[in-house]
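Asker: I am attaching a structure below and will ask some questions about it afterwards.
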Amino acid sequence: MAPPTPCRSSDLNVSRPGVELASMLNALGSSQRELMHVLQRKKDGRTVEEIAGDIELSPTAVRQHLAALERRGYVQRVESRKTAGRPGFVFALSPAGNELFPRKYSWFTALMLGALQREQGADGLGEYLRGMAKTLARSLQDEFGNREPRLRLAALAETMNQLGYDAEIAQDDANGAEIRAYNCVYHHLAQDYPQVCEFDLELMAQVSGRRVEHLECMVRGGECCRFRLSQGEQSRSPK
Numbered sequence: 001m002a003p004p005t006p007c008r009s010s011d012l013n014v015s016r017p018g019v020e021l022a023s024m025l026n027a028l029g030s031s032q033r034e035l036m037h038v039l040q041r042k043k044d045g046r047t048v049e050e051i052a053g054d055i056e057l058s059p060t061a062v063r064q065h066l067a068a069l070e071r072r073g074y075v076q077r078v079e080s081r082k083t084a085g086r087p088g089f090v091f092a093l094s095p096a097g098n099e100l101f102p103r104k105y106s107w108f109t110a111l112m113l114g115a116l117q118r119e120q121g122a123d124g125l126g127e128y129l130r131g132m133a134k135t136l137a138r139s140l141q142d143e144f145g146n147r148e149p150r151l152r153l154a155a156l157a158e159t160m161n162q163l164g165y166d167a168e169i170a171q172d173d174a175n176g177a178e179i180r181a182y183n184c185v186y187h188h189l190a191q192d193y194p195q196v197c198e199f200d201l202e203l204m205a206q207v208s209g210r211r212v213e214h215l216e217c218m219v220r221g222g223e224c225c226r227f228r229l230s231q232g233e234q235s236r237s238p239k
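Per our numbering, residue 1 is the first one in the sequence shown, and the count goes up by one each step.
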């Protein structure tokens, strides 16, 4: 059997997920950014007139900015909590709008991984992450368990895409299957804690019911992460 084709830059003809959310906030115009910051501080929401006073713009201009932010899903209308007078609505950040502001998920996760590694050692951390993957796979059993192997493979790639991996099935024949992922959703974490990849490998093995080999890895300088899936039980990563 000929060796699988390595990833090439020409393969990367699909859009990349995982754009930094802070950069998306910075991409907004200055007035819209200022408006978003006001709503971040005023959790109960603000009326058009209140926002106009906050950022020193006319109500007409504020309405135009709010309409644009609503279309992008960053701002929503919510019922006013004021009890006096007729019930009305105010503008507030949507969940998507809140997520545009800086978050430290990776930082906090790295603290947890570091603590686990100090307590259990590098091998213990890998075992812990494989256990997490097995638990997740059991929760997906109803969705994947009764599908034939090829459909389980397609569902696995679809799930990886929902998680942001930008994955595709590059091969699926009698010689085995290959999945390529062009986005590492925890690239910086995997640089410091390569055991993180054990989670992916175990999850893929459990869901697909196949042996998984990690042929190429972006953390180790690859153009993408390539996984070969074949019959068997053990999974392994490149050294």
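Just so it is clear, CB atoms sit at the ideal spot from N, CA and C, and this is done for glycine as well.
The model shown is predicted, which means the values in this text are computed figures rather than measured ones.
Quick one: using the 10 Å Cβ neighbour count with 16 as the cut-off for buried, is Gln234 buried or exposed?
Answerer: For Gln234, the predicted model reports a pLDDT of 46, less than 50, meaning its position is unreliable and no value from the coordinates is stated.
Asker: Counting only runs of 3+ residues fully inside the stretch 33–98, write out the beta strand (DSSP E) ranges in chain order.
Answerer: Counting only runs of 3 or more, we get 75–79 and 89–93.
Asker: Can His187 and Val219 be called in contact, C-beta distance under 9 Å?
Answerer: Contact flag set, yes.
Asker: In whole angstroms, give me the CA-to-CA distance for Leu229 and Tyr128.
Answerer: C-alpha separation (whole angstroms): 23 Å.
Asker: Taking DSSP as the reference, what is the three-state secondary structure of Gln327?
Answerer: Within the shown structure, residues of the chain are numbered from 1 to 239, placing residue 327 beyond reach of any answer.
Asker: In angstroms, rounded to a whole number, what distance separates the CA positions of Asn26 and Gln171?
Answerer: Spanning the two alpha carbons is a distance of roughly 40 Å.
Asker: Since His214 sits in a beta bridge, which residues does DSSP pair it with?
Answerer: Note: His214 sits in a beta bridge opposite Phe227.
Asker: For Asn183, is the classification buried or exposed, using 16 other Cβ atoms within 10 angstroms of its Cβ as the cut-off for buried?
Answerer: Its Cβ being crowded by 16 or more others within 10 Å, Asn183 is buried.
Asker: Arg103 by DSSP, collapsed to three states: which one?
Answerer: Coil.
Asker: For a test of the three-state rule: what should DSSP assign to Arg147, helix, strand or coil?
Answerer: It is coil, neither helix nor strand.
Asker: Excluding five sequence neighbours on each side, which residues of the same chain lie with their C-beta closer than 8 Å to the C-beta of Ser94?
Answerer: Counting only Cβ-Cβ distances below 8 Å, and skipping sequence neighbours, we find Gly73, Tyr74, Val75 and Gln76.
Asker: Looking at the C-beta of Leu100, does it have a partner C-beta in chain C at a distance below 9 Å?
Answerer: The structure shown contains no chain C; it is built from a single protein chain.
Asker: Roughly how many angstroms lie between the CA atoms of Gly139 and Gly164, to the nearest whole one?
Answerer: Contrary to the premise, residue 139 reads as Ser rather than Gly in this sequence. Computed Cα separation, rounded: 20 Å.
Asker: According to DSSP, simplified to helix, strand and coil, what is Ala177?
Answerer: Three-state DSSP puts Ala177 in a strand.
Asker: Let me make sure I understand the geometry here. Which of Met24, Tyr193, Ala137 and Phe227 has the alpha-carbon closest to that of Pro102?
Answerer: Nearest option by C-alpha distance: Met24.
Asker: Do the CB positions of Gly176 and Gln231 come within less than 9 Å of each other?
Answerer: Yes, they are a contact pair.
Asker: Determine the burial state of Gln195: buried for a count of at least 16 other Cβ atoms within 10 Å of its Cβ, exposed for fewer.
Answerer: Its Cβ being crowded by 16 or more others within 10 Å, Gln195 is buried.
Asker: Sort Asp44, Leu125 and Val62 by Cα distance to Gly88 and report the nearest one.
Answerer: Looking at the Cα atoms, Asp44 is the closest of the given residues.
Asker: What residue does the alpha helix (DSSP H) around Ala205 start on, and which one ends it?
Answerer: First-last of the alpha helix (DSSP H) with Ala205: Val196 to Ser208.
Asker: Assuming Ile169 and Leu189 make a contact with CB atoms under 8 Å, what is their CB distance in whole Å?
Answerer: In fact, because the Cβ distance is near 26 Å, the residues do not count as touching under 8 Å.
Asker: Which same chain residues end up closer than 7 Å to Cys224 when comparing Cβ atoms and leaving out the 5 residues on each side of it in sequence?
Answerer: Counting only Cβ-Cβ distances below 7 Å, and skipping sequence neighbours, we find Cys7, Arg180, Ala181, Tyr182, Glu216 and Met218.
Asker: How is the alpha helix (DSSP H) around Asp192 delimited, first residue to last?
Answerer: Its alpha helix (DSSP H) spans residues His187 to Asp192.
Asker: Look at the Cβ atom of Ser208, then the Cβ atom of Leu156, and state whether they are nearer than 9 Å.
Answerer: Cβ distance < 9 Å, so Ser208 and Leu156 count as in contact.
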